[in-house]
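Asks: Handing you a structure now.
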Amino acid sequence: MQTSFTIAQLADPEIGAANAILRKCVHCGFCTATCPTYVLLGDELDGPRGRIYLIKDMLETGKPATAKVVKHIDRCLSCLSCVTTCPASVDYMHLVDRGRAYIDRTFARPLADRLLRRLLAMVLPSPALFRLALFGAAFARPLRRLLPGRLGAMLALAPASVGGPSAVDRPQVFAAEGKRLKRVSMLNGCAQQVLRSEINEATVRLLRRHGCEVVIAEGHGCCGALVHHMGKEHEAHAQAKANIEAWEKVAAAGGLDAIVINASGCGTMVKDYGWMLRNDPAWAERAKRIAGLTKDITEVMMDLNLNVHPARGLPVVTYHSACSMRHGQKLVEQPKALLRKAGFEVREPNEAHLCCGSAGTYNILQPAIAERLRARKIENLKRAGGDVIATGNIGCLVQIAGGFKAGEGPAVVHTVELLDWATGGPKPAGLN
Ligand code: SF4
Ligand code: SF4
Numbered sequence: 112m113q114t115s116f117t118i119a120q121l122a123d124p125e126i127g128a129a130n131a132i133l134r135k136c137v138h139c140g141f142c143t144a145t146c147p148t149y150v151l152l153g154d155e156l157d158g159p160r161g162r163i164y165l166i167k168d169m170l171e172t173g174k175p176a177t178a179k180v181v182k183h184i185d186r187c188l189s190c191l192s193c194v195t196t197c198p199a200s201v202d203y204m205h206l207v208d209r210g211r212a213y214i215d216r217t218f219a220r221p222l223a224d225r226l227l228r229r230l231l232a233m234v235l236p237s238p239a240l241f242r243l244a245l246f247g248a249a250f251a252r253p254l255r256r257l258l259p260g261r262l263g264a265m266l267a268l269a270p271a272s273v274g275g276p277s278a279v280d281r282p283q284v285f286a287a288e289g290k291r292l293k294r295v296s297m298l299n300g301c302a303q304q305v306l307r308s309e310i311n312e313a314t315v316r317l318l319r320r321h322g323c324e325v326v327i328a329e330g331h332g333c334c335g336a337l338v339h340h341m342g343k344e345h346e347a348h349a350q351a352k353a354n355i356e357a358w359e360k361v362a363a364a365g366g367l368d369a370i371v372i373n374a375s376g377c378g379t380m381v382k383d384y385g386w387m388l389r390n391d392p393a394w395a396e397r398a399k400r401i402a403g404l405t406k407d408i409t410e411v412m413m414d415l416n417l418n419v420h421p422a423r424g425l426p427v428v429t430y431h432s433a434c435s436m437r438h439g440q441k442l443v444e445q446p447k448a449l450l451r452k453a454g455f456e457v458r459e460p461n462e463a464h465l466c467c468g469s470a471g472t473y474n475i476l477q478p479a480i481a482e483r484l485r486a487r488k489i490e491n492l493k494r495a496g497g498d499v500i501a502t503g504n505i506g507c508l509v510q511i512a513g514g515f516k517a518g519e520g521p522a523v524v525h526t527v528e529l530l531d532w533a534t535g536g537p538k539p540a541g542l543n
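With the numbering used here applied, the sequence shown closes on residue 543, and no number is skipped along the way.
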């Protein structure tokens with residue numbers, strides 16, 4: 112694609128990077144066929160190629176973002192299906208990140224939109240505030256069908272009840288069972304530990320049982336993805352730096368073989384810290400080192416020998432591949448291979464490449480599109496016909512579980528809960 116940035120514009124390393132990405136696009140449009148929003152809405156501007164043109168024009172003119180550009184970029188899920196499809200390896204992920212940061216700086220959103228985004232950016236990364244908000248939401252939940260748009264969507268996503276903090280989510284060190292093979296640090300996430308504390312508990316058990324010492328680092332927190340996808344660069348960088356410092360301390364205190372992440376949305380983010388902070392001389396190398404140590408829990412377990420307890424009558428698993436796992440980290444086969452090794456029959460739904468509509472805060476900010484994507488996903492999952500649905504990302508887990516009527520449909524669990532069960536842990540709560 113031809114671009115026309117001025118020399119002065121290209122002196123900005125962020126514009127230079129965007130220019131290099133744009134120039135790789137050959138306008139072929141292959142990406143549109145696998146873009147969930149294009150598939151649903153059929154508008155060129157709601158597909159990757161159209162969005163690429165919008166971002167190019169916006170950055171080249173250097174003028175404030177327009178409402179039209181914002182509408183179509185806001186509708187992008189950042190699912191990265193287009194990145195998997197693109198034959199020219201166009202780095203759409205970093206281009207849309209640039210577009211979002213530019214929009215955040217130059218576009219005055221309506222007050223209600225601004226307030227909602229501010230609220231989400233403040234509450235979701237803080238487990239204490241999020242837990243408090245969910246307690247409040249549990250009371251208002253019966254009204255969810257009466258409230259319009261985003262308010263109703265928020266309440267519908269809130270669980271009927273919320274538990275207290277789990278003992279695993281405090282800073283501490285869990286010794287390996289038997290001979291220590293690895294020393295790892297687990298990101299215990301922000302929203303996940305509130306919404307489904309069993310996932311971190313299962314992860315710690317699974318790792319310890321397979322010879323890992325597990326450190327929950329003092330001072331680490333949200334990976335930064337939630338604010339990053341809203342274009343709030345400074346906040347995302349601050350959260351990334353806090354995590355880097357926390358993990359560096361763990362490494363200095365006794366070595367660190369891996370940073371283990373059990374929410375693929377967070378994994379995609381932390382693996383990208385090197386790129387995020389590449390222009391910050393004080394942080395670039397440190398961020399690269401931490402990103403290089405980061406692994407999804409399934410990558411770590413592929414390195415260890417899964418010690419399966421043979422069992423009969425295991426449920427058939429329908430595996431939902433989260434976009435951040437499949438397109439963001441290119442981990443397609445590993446989770447399924449582990450589940451099969453653990454003794455489960457694994458099925459996959461049709462249209463596995465299409466997003467379920469969760470996408471961080473997307474199901475709150477774009478509830479109508481998210482609902483249509485979820486309905487499509489649920490139909491495909493039902494057709495696959497498994498007894499239980501497994502996925503490796505909390506956002507998808509909540510989104511898919513919410514697509515079935517209460518008491519109907521299969522349980523939706525994290526892959527790690529099934530691996531923990533098959534290797535000696537308790538049966539996941541939803542399966543009892
Ligand atoms: S990231 Fe997903 S929604 Fe956004 S343009 Fe690419 S395929 Fe479409
Ligand atoms: S598939 Fe790649 S090269 Fe083709 S239009 Fe999409 S982004 Fe551009």
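We put the CB at the ideal spot given by N, CA and C, even for glycine.
Hey, could you find the ends of the alpha helix (DSSP H) residue 383 is sitting in?
Replies: Neither: residue 383 is in no alpha helix (DSSP H) and is coded neither H nor E.
Asks: Of the residues 537, 128, 361 and 319, which one's Cα is nearest the Cα of residue 286?
Replies: 319
Asks: Is residue 507 near ligand 1, judged by its Cβ being under 8 Å from some heavy atom?
Replies: no
Asks: Pull up the CB-CB distance for residue 109 and residue 267, whole angstroms please, since I reckon it's below 8 Å.
Replies: Missing from the structure shown is residue 109; the chain here goes from 112 to 543 and no further.
Asks: With DSSP run on the structure shown, which of helix, strand or coil describes residue 116?
Replies: coil
Asks: Helix, strand or coil: how does DSSP classify residue 308 here?
Replies: helix
Asks: Taking the beta strand (DSSP E) that residue 507 falls in, what are its first and last residues?
Replies: Taken as a continuous stretch (DSSP letters only), residue 507 belongs to no beta strand (DSSP E), being part of the alpha helix (DSSP H) at 505 to 512.
Asks: What do you reckon, is the C-beta of residue 197 under 8 Å from a heavy atom of ligand 2?
Replies: Yes, Cβ of residue 197 sits closer than 8 Å to a heavy atom of ligand 2.
Asks: Thinking just about the alpha-carbon of each residue, which of 438, 236, 379 and 314 is nearest to the one in residue 534?
Replies: 314
Asks: Is residue 440 closer than 9 Å to residue 378 when the C-beta atoms are compared?
Replies: yes
Asks: Output the distance between the C-alpha atoms of residue 388 and residue 363, rounded to the nearest integer angstrom.
Replies: Pairing residue 388 with residue 363, the inter-Cα distance amounts to about 21 Å.
Asks: Could I get the ranges of all uninterrupted alpha helix (DSSP H) runs contained in the segment 425 to 501, with 4 residues as the minimum, in chain order?
Replies: 445 to 452, 473 to 476 and 478 to 495
Asks: Pairing CB atoms from the segment 360 to 374 with CB atoms from the segment 404 to 411, are three or more of them under 8 Å?
Replies: yes
Asks: What does DSSP give as the partner residues of residue 406 in its beta bridges?
Replies: 371
Asks: Report whether the distance from the Cβ of residue 190 to the nearest heavy atom of ligand 1 is below 8 Å.
Replies: yes
Asks: Taking the DSSP output, what are the residues bridged to residue 290?
Replies: Note: residue 290 sits in no beta bridge, so no partner.
Asks: Answer yes or no: the CB of residue 163 versus the heavy atoms of ligand 2, is any distance below 8 Å?
Replies: yes
Asks: Under 8 Å from any heavy atom of ligand 1, does the C-beta of residue 207 make it?
Replies: yes
Asks: Helix, strand or coil: how does DSSP classify residue 398 here?
Replies: helix
Asks: Where residue 300 and residue 275 are concerned, what is the direct C-alpha to C-alpha distance, given to the nearest angstrom?
Replies: Cα-Cα distance, rounded: 15 Å.
Asks: Where are the alpha helix (DSSP H) runs, 4 residues long or more, that stay fully inside the segment 214 to 275, in chain order?
Replies: 222 to 234, 238 to 251 and 260 to 268
Asks: In this structure, how does DSSP classify residue 193 when only helix, strand and coil are distinguished?
Replies: Correct three-state label for residue 193: helix.
Asks: According to the Cβ coordinates, are residue 148 and residue 121 closer than 9 Å?
Replies: Cβ atoms of residue 148 and residue 121: not closer than 9 Å.
Asks: Taking 8 Å as the cut-off, is the C-beta of residue 158 nearer than that to any heavy atom in ligand 3?
Replies: This structure lacks ligand 3; the ligands present are ligand 1 and ligand 2.
Asks: Can you give me the C-alpha to C-alpha distance between residue 289 and residue 322, rounded to a whole angstrom?
Replies: 6 Å
Asks: Using a Cβ-Cβ cut-off of 7 Å (strictly less than) and excluding sequence neighbours within five positions of residue 141, which residues of its own chain qualify?
Replies: 196, 197 and 198
Asks: What are the boundary residues of the alpha helix (DSSP H) that residue 359 is part of?
Replies: 344 to 365
Asks: Taking the alpha-carbon positions, what's the residue 508 to residue 293 distance?
Replies: For residue 508 and residue 293, the distance between alpha carbons rounds to 29 Å.
Asks: Can you grab the Cα-Cα spacing for the pair residue 410 / residue 444, in whole Å?
Replies: 10 Å
Asks: Please state the DSSP three-state secondary structure of residue 517.
Replies: coil
Asks: Within 10 angstroms of the Cβ of residue 494, are there 16 or more other Cβ atoms? Answer buried if so, exposed if not.
Replies: exposed
Asks: Among 458, 273 and 311, whose alpha-carbon lies nearest the alpha-carbon of residue 75?
Replies: Here the chain comprises residues numbered 112 to 543, so residue 75 is not present and cannot be evaluated.
Asks: Whose C-beta lies closer than 7 Å to the C-beta of residue 343 among residues of the same chain, with five residues either side of it excluded?
Replies: 215 and 232
Asks: Please state the DSSP three-state secondary structure of residue 204.
Replies: helix
Asks: Could you spell out the range, first to last residue, of the beta strand (DSSP E) harbouring residue 284?
Replies: First-last of the beta strand (DSSP E) with residue 284: 283 to 285.
Asks: Does the distance between the C-beta of residue 301 and the nearest non-hydrogen atom of ligand 1 fall short of 8 Å?
Replies: no
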